[in-house]
Each structure stands twice: as structure tokens, then as C-alpha cells.
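Taken in order, the first sequence gives residues 1 to 347; the numbers are from the UniProt record's numbering.
Worksheet: one structure, shown below.
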Amino acid sequence: MDLSAELIAWYNDNKRDLPWRKTTDAYIIWLSEIILQQTRVEQGTPYFYRFAEKYPTVTDFAAAHEDEVLRLWQGLGYYSRGRNMLKTAQLVQQQYSGVFPVKYNELIKLKGIGEYTAAAISSFSSNEAKAVVDGNVYRVLARYFGVDEPINSPKGKKMFQQIANDVLDKARPALHNQAIMEFGAMLCKPKKPACGICPVRLGCVAFKTNATTYLPVKIKTVKVRKRYFNYMLISDGKEVLMNKRGEGDIWANMYDLPLIETTELIEQNELLKLPQMKVFGENIAFKNNPAIIKHVLTHQQLFIRFHVLDKFPDKLQSGWFYTDVNNLENLALPKAIFIFIKYFFNF
DNA sequence: AACACGGGGTT
DNA sequence: AACCCAGTGTT
Numbered sequence: 001m002d003l004s005a006e007l008i009a010w011y012n013d014n015k016r017d018l019p020w021r022k023t024t025d026a027y028i029i030w031l032s033e034i035i036l037q038q039t040r041v042e043q044g045t046p047y048f049y050r051f052a053e054k055y056p057t058v059t060d061f062a063a064a065h066e067d068e069v070l071r072l073w074q075g076l077g078y079y080s081r082g083r084n085m086l087k088t089a090q091l092v093q094q095q096y097s098g099v100f101p102v103k104y105n106e107l108i109k110l111k112g113i114g115e116y117t118a119a120a121i122s123s124f125s126s127n128e129a130k131a132v133v134d135g136n137v138y139r140v141l142a143r144y145f146g147v148d149e150p151i152n153s154p155k156g157k158k159m160f161q162q163i164a165n166d167v168l169d170k171a172r173p174a175l176h177n178q179a180i181m182e183f184g185a186m187l188c189k190p191k192k193p194a195c196g197i198c199p200v201r202l203g204c205v206a207f208k209t210n211a212t213t214y215l216p217v218k219i220k221t222v223k224v225r226k227r228y229f230n231y232m233l234i235s236d237g238k239e240v241l242m243n244k245r246g247e248g249d250i251w252a253n254m255y256d257l258p259l260i261e262t263t264e265l266i267e268q269n270e271l272l273k274l275p276q277m278k279v280f281g282e283n284i285a286f287k288n289n290p291a292i293i294k295h296v297l298t299h300q301q302l303f304i305r306f307h308v309l310d311k312f313p314d315k316l317q318s319g320w321f322y323t324d325v326n327n328l329e330n331l332a333l334p335k336a337i338f339i340f341i342k343y344f345f346n347f
């Protein structure tokens with residue numbers, strides 16, 4: 001048996017029971033694939049059910065409002081996925097009459113669908129012979145064939161896509177793609193792969209040369225920026241002053257609180273002297289001495305403090321608005337903001 | 001080619 | 001703390 005046949009045989013015996021594998025509906029598969037981008041199956045599954053239930057068809061999705069989509073997406077991260085989904089749903093509704101495309105060349109044009117997702121949807125929904133290359137596939141191929149070209153260099157990406165195409169079983173691409181990804185996720189894991197029970201270890205270069213620890217190779221260029229967020233919570237217990245974020249920064253179009261960002265960590269007495277504080281009015285005071293919350297993103301570390309102010313400002317800045325405390329659950333809030341607000345208002 | 005974009009699990 | 005997850009879009 002060749003590699004593909006071995007992986008498919010393994011898959012048939014060991015696959016997990018995942019809901020999106022029970023359909024060939026391109027729309028449902030699209031939902032699952034976008035949700036699972038850079039996201040573990042266990043984390044994404046509840047969101048998959050949530051979206052599939054709320055929007056059973058792409059027509060239902062296209063009718064949604066962005067606020068509603070982001071609220072459903074809350075907590076999953078990479079929120080541009082949610083915003084792009086709405087744009088794509090609307091385009092599919094208008095230009096494809098609500099019939100979700102199944103061909104790679106159509107799918108790749110859509111917002112939020114790149115090479116991986118186009119290959120996944122086209123193969124799973126219409127058995128088009130396109131090979132998926134995700135993190136799992138990079139790992140399996142790098143190890144099995146002993147390829148040490150970095151998976152995140154342009155050259156490496158081309159190379160692995162080519163290998164994936166060569167290995168693909170053109171007669172059953174859907175099954176092959178599921179198999180190689182499941183194999184990478186369950187057996188050929190990043191750390192401590194289960195080589196002892198691996199059906200293809202005798203053909204695996206990394207196993208034979210004891211190199212699984214070093215493959216795949218990845219270029220790392222992590223520069224993490226530190227940012228200091230001073231949030232103001234102002235509320236009389238019934239209403240609370242909120243802010244809607246704009247584009248061009250993290251958490252685009254989501255909701256947070258009035259924010260003063262500083263270049264370093266500062267204490268409340270220093271904060272009071274800042275010119276930005278003037279918008280909150282004269283003779284203001286803090287009602288708490290907040291802890292520093294560290295919130296880690298891919299390229300940023302946020303050091304967040306939530307300051308409770310004692311009175312409403314006289315006028316509002318752009319993006320600010322009052323909302324009823326009971327309406328907070330309808331707003332899409334970043335995780336760290338949500339946790340604090342939930343705690344503060346004792347949800 | 002490099003970077004931005006979240007949140008969470010594993011080691 | 002480092003690494004990675006069923007990646008994509010922008011510059």
C-alpha cells in the first residue's frame with residue numbers, strides 16, 4: 001500500500017465522530033472550515049453548532065447583521081473570520097443565488113477562503129481532486145519524506161503543496177484529505193507522536209533517522225509588542241458607558257470601554273494628570289485600585305487595568321455610547337473585557 | 001517576505 | 001515560556 005492508502009486505512013479504524021463529516025453541504029462545510037482555521041476541534045465545535053443552528057442556510061447567514069455575527073463569534077478569536085463570513089454569505093446569496101460554490105476556482109475568490117479552505121470545501125463537498133495543506137499535513141509530509149525546508153517560507157509552501165498533490169489519491173480526494181489531517185492531529189502529533197503504533201513508520205524518514213523532534217522546520221520571527229490599556233468603567237448600575245472600536249487595530253468593530261492607552265504602565269495618580277482624562281470631567285476620582293491583567297495575543301501582550309470612575313462625563317467622545325447593563329450580553333466583547341464586565345456586574 | 005490577527009491547550 | 005491549532009489578508 002502507498003502512503004495514502006495506509007492513512008485511509010488508519011483513518012477508517014480511528015476517526016473521530018465529527019458533525020461536519022456527516023454532510024456534503026458546501027455551506028455547512030464552509031462554516032466548519034472557517035471556524036476551525038487556527039482553532040482546535042474541541043474549541044470550535046460548540047461554535048459550529050451555534051452557527052449551524054442560528055443560520056441553517058447561507059441565505060439565513062446573509063440576512064444577519066455584523067454585530068450579531070460577532071456576538072456569536074465572541075471568544076473564538078481572529079474575528080476577521082466572522083466579518084469575512086458575513087461578506088461571503090451576502091455575496092453567495094446575491095451572485096450565486098444562495099447556492100454555495102463547490103469548485104476550487106470559485107471558492108478561492110471568496111473572502112476568508114484561501115488555498116487550504118478552498119481545497120477542503122471542494123474536496124469534501126464535490127470530491128474535487130485538490131490536496132489540502134494545513135498544519136497537520138505539513139507535519140506528516142515533512143516527517144514522512146524527511147523534508148527540512150521551512151514550512152512557512154514561500155519555497156517551502158510551494159514544495160509541500162507539490163508533495164501533497166503527488167501523494168493525493170485522486171480517486172478519493174475527500175477521504176484522503178480527511179485521513180491525512182486526522183492522522184496528523186491524532187497520531188503524528190507535534191510533540192510525542194505515537195510512532196510506536198504508527199502504520200507507516202517503516203517508510204517514515206523522520207522515524208528511521210530519529211528526527212521527528214526536529215521536523216517540521218519553521219522559521220520563527222516572533223516580535224511581541226507590549227501595550228498598556230487603561231479602561232474606564234463608568235456606570236450607575238443601570239447604564240454603562242461603552243465604546244465601539246473602529247477598524248485598523250485588534251478587535252475591529254467590537255465593543256469595549258472608554259480606553260486610554262499609555263506607552264508604559266502608570267499608576268492612577270499619574271493617569272489622572274493625563275490630558276486625555278479631561279474628557280471625563282473635573283474632579284473625578286477612582287473607586288478602585290485595579291489589578292493588572294495580562295492578556296496575550298499573537299503579536300501583542302496587553303497589560304490591562306479596569307478603573308472604576310465615580311461619575312459620568314459631561315460629553316461623549318466618538319464611538320462612546322450608553323447602554324443598559326442588560327444589553328451587554330448582546331454586544332461582542334473581547335474576552336478580557338467580557339470577563340471583567342461579567343465579574344463587575346455579577347452576571 | 002514579513003507581519004497582523006485571538007484565544008486556548010500542551011509540554 | 002515556547003509551541004501550535006483543520007490559515008487568511010495586507011503591506
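Glycine residues also receive a C-beta, built at the ideal position from the N, C-alpha and C atoms.
Supposed contact pair residue j and residue i - C-beta distance, whole angstroms, cut 8 Å
| i | j | result |
| --- | --- | --- |
| Val200 | Tyr255 | Incorrect: roughly 49 Å between the Cβ atoms, too far for contact. |
| Tyr231 | Leu259 | 6 Å |
| Glu115 | Ser122 | No, Glu115 and Ser122 are not in contact; Cβ-Cβ is about 11 Å, not under 8 Å. |
| Phe61 | Ala89 | 4 Å |
| Leu187 | Cys198 | 6 Å |
| Tyr209 | Gly146 | Here residue 209 turns out to be Thr, not Tyr, going by the sequence shown. Rounded, the Cβ-Cβ distance is 7 Å, consistent with contact. |
| Leu333 | Gln74 | 6 Å |
| Phe183 | Cys195 | Actually they do not touch by this definition, with Cβ atoms about 12 Å apart. |
| Thr323 | Val240 | 6 Å |
| Tyr11 | Trp251 | 38 Å between Cβ atoms; not a contact. |
| Phe306 | Phe340 | 5 Å |
| Leu72 | Lys87 | Wrong, their Cβ atoms sit about 16 Å apart, outside the cutoff. |
| Ile293 | Ala336 | 6 Å |
Closest Cα partner of residue i within the set the options
| i | options | result |
| --- | --- | --- |
| Pro101 | Phe229, Ser126, Gly82 and Asp13 | Ser126 |
| Ala131 | Leu168, Ile108, Ile151 and Gly156 | Leu168 |
| Asn289 | His299, Phe280 and Ile266 | Ile266 |
| Ala185 | Leu3, Glu6 and Arg16 | Arg16 |
| Asp310 | Gly281, Ile29, Asn326 and Gly319 | Gly281 |
| Phe345 | Ala285, Asn326, Tyr104 and Ala5 | Asn326 |
| Ala164 | Ala171, Pro154, Asn177 and Lys155 | Asn177 |
| Leu257 | Trp251, Glu247, Met242 and Ile250 | Met242 |
| Trp320 | Phe183, Arg245 and Leu91 | Arg245 |
| Asp314 | Ala252, Asp324 and Val279 | Val279 |
| Val41 | Phe303, Trp20, Ile28 and Lys103 | Trp20 |
| Ile284 | Ile293, Val224, Asn269 and Thr298 | Asn269 |
| residue 366 | Thr323, Ile29 and Ile339 | Since the first residue of the chain shown is 1 and the last is 347, residue 366 is not available in this structure. |
| Asp166 | Val133, Arg225, Ala120 and Glu149 | Val133 |
| Thr262 | Asn253, Ile250, Ser153 and Met277 | Met277 |
| Gly44 | Leu31, Asn253, Leu3 and Ala5 | Leu31 |
| Ile234 | Val308, Thr298 and Lys189 | Val308 |
| Leu331 | Ser80, His65, Ala5 and Ser318 | His65 |
| Asp67 | Asn84, Val58, Ala336 and Ala52 | Asn84 |
| Phe347 | Glu329, Ala336 and Lys335 | Glu329 |
Exposed unless 16 or more other CB atoms sit within 10 angstroms - verdict on residue i
| i | result |
| --- | --- |
| Thr117 | buried |
| Leu274 | exposed |
| Lys191 | exposed |
| Ala216 | The sequence given here places Pro at residue 216; Ala does not occur at that position. Pro216 is buried by the Cβ-count criterion. |
| Val296 | exposed |
| Phe160 | buried |
| Ile8 | buried |
| Ile35 | buried |
| Met1 | exposed |
| Thr24 | exposed |
| Asn136 | buried |
| Leu141 | buried |
| Gly237 | exposed |
| Leu202 | exposed |
| Thr212 | buried |
| Pro193 | buried |
Three-state class that DSSP yields for residue i in the structure shown
| i | result |
| --- | --- |
| His299 | coil |
| Asp25 | coil |
| Phe344 | helix |
| Asp13 | helix |
| Phe306 | strand |
| Ile337 | helix |
| Phe312 | coil |
| Lys191 | coil |
| Lys278 | helix |
| Ile8 | helix |
| Ile197 | helix |
Closer than 6 Å: residue i CB and nearest the ligand MN heavy atom
| i | result |
| --- | --- |
| Gln317 | Questions concerning the ligand MN fall outside what the structure shown contains, since it holds no ligand whatsoever. |
Suppose only complete runs of 4+ residues qualify. What are the alpha helix (DSSP H) ranges in the UniProt domain "HhH-GPD" (35 to 186), listed by chain order?
The UniProt domain "HhH-GPD" (35 to 186) contains these whole alpha helix (DSSP H) runs: 41 to 54, 58 to 62, 66 to 73, 80 to 95, 104 to 107, 115 to 126, 135 to 145, 154 to 167 and 173 to 186.
Only counting runs of 4 or more residues, tell me where the alpha helix (DSSP H) segments fall wholly within the region 204 to 260, in order along the chain.
For the region 204 to 260, whole alpha helix (DSSP H) runs of length 4 or above, ordered along the chain, are 205 to 208.
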